[in-house]
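Undergrad: Position in the sequence shown counted from 1, then plus 114, gives you my numbering.
Take this structure first; my questions come after.
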Amino acid sequence: MFYDQRGTGASTRVSDGAPQTMEAQVADLEAIRAHFRFAKFALVGDSYGGVLAMAYAAAHPEHVEKLVLSDSAAPALKDTVHVLQQVFPDVMEKRSTDPKQQLVEHFSMLFYSEEKRDAYLAKATDLGSAPGVGAAVNRAIRSLDLTPELPKFAFPTLVITGRYDMNVAPITAWKIYKAIPGAKFVVFAKSGHLPSYEEPDKYVQVLNDFLGN
Numbered sequence: 115m116f117y118d119q120r121g122t123g124a125s126t127r128v129s130d131g132a133p134q135t136m137e138a139q140v141a142d143l144e145a146i147r148a149h150f151r152f153a154k155f156a157l158v159g160d161s162y163g164g165v166l167a168m169a170y171a172a173a174h175p176e177h178v179e180k181l182v183l184s185d186s187a188a189p190a191l192k193d194t195v196h197v198l199q200q201v202f203p204d205v206m207e208k209r210s211t212d213p214k215q216q217l218v219e220h221f222s223m224l225f226y227s228e229e230k231r232d233a234y235l236a237k238a239t240d241l242g243s244a245p246g247v248g249a250a251v252n253r254a255i256r257s258l259d260l261t262p263e264l265p266k267f268a269f270p271t272l273v274i275t276g277r278y279d280m281n282v283a284p285i286t287a288w289k290i291y292k293a294i295p296g297a298k299f300v301v302f303a304k305s306g307h308l309p310s311y312e313e314p315d316k317y318v319q320v321l322n323d324f325l326g327n
């Protein structure tokens, strides 16, 4: 099951000034779990969703069967290693001032395969969240640091990274993996930030193997 976090996708009906704190976002996810009456469930967090997944797992470990962190940002956002500026200086220098075009330019730097990049962008109709949501989230959680919580995770955890992820460099995933006791670490050799899109067959197999064990 996939859900849109508050202020994104189909979940855009939030009032002006609605909180974007991590506590509010974790409460949303807990409300969904309670609605479906899952005693425990496997939680998959991708990119920023990985931070939310870590926060939920720290707050409600009793409900987490297994945890998957896929190209997740760091448990403290300030510790996330970005190398877009170093790898794409030409693109970064010429970035548009238009927010929508900036998103297109940002996504253009997230792929290993140019062919898959072009196919993804050709089909993408909504690359961003509702206006101001991303900025509000960043403001609300900028001082959050979940690093001390990771050694407490006692459930099976899988950490995934794309070898050529310039948005969240693999060292970020490696540090998360090393901090969680007994975690597994898988690298997708022909992926950037979106291995589920660039290497879907391998991605499904890796998740099935992990979730089935």
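All C-beta atoms in this analysis are idealised placements derived from N, C-alpha and C, irrespective of residue type, glycine included.
Spatial neighbours of residue 316 within its chain, please: C-beta separation below 7 Å, excluding the five flanking residues on both sides.
TA: 302, listed in sequence order.
Undergrad: Taking Cβ positions, are residue 306 and residue 221 nearer each other than 8 Å?
TA: Cβ distance not < 8 Å, so residue 306 and residue 221 don't count as in contact.
Undergrad: Looking at the unbroken alpha helix (DSSP H) that takes in residue 180, where does it start and where does it end?
TA: That residue, residue 180, is in no alpha helix (DSSP H); its beta strand (DSSP E) goes 178 to 184.
Undergrad: Going by the beta-carbon positions, is the gap between residue 154 and residue 182 smaller than 8 Å?
TA: Taking 8 Å as the Cβ cut-off, residue 154 and residue 182 do not qualify as a contacting pair.
Undergrad: Quick check: the stretch 254 to 268 against the stretch 286 to 296, are at least 3 beta-carbon pairs closer than 8 Å?
TA: The answer is yes - the stretch 254 to 268 touches the stretch 286 to 296, with three or more Cβ pairs under 8 Å.
Undergrad: What residues in its chain sit with their C-beta under 8 Å from that of residue 286, if we drop five residues either side in the sequence?
TA: Answer for residue 286: 186, 187, 188, 193, 194, 195 and 275, listed in chain order.
Undergrad: Could you give the DSSP three-state label for residue 290: helix, strand or coil?
TA: Three-state DSSP puts residue 290 in a helix.
Undergrad: Which residue's Cα is closest to the Cα of residue 277: 197, 238, 219 and 218?
TA: Closest option to residue 277, Cα to Cα, is 197.
Undergrad: Please return the same chain residues whose Cβ sits closer than 6 Å to the Cβ of residue 299, not counting the five positions on each side in sequence.
TA: 273 and 291.
Undergrad: Along the chain, where does the alpha helix (DSSP H) that runs through residue 248 open and close?
TA: Its alpha helix (DSSP H) spans residues 247 to 255.
Undergrad: Taking the alpha carbon of residue 118 as the point to measure from, which residue in 151, 148, 152 and 159 has its own alpha carbon closest?
TA: Checking every option, the nearest Cα to that of residue 118 belongs to 159.
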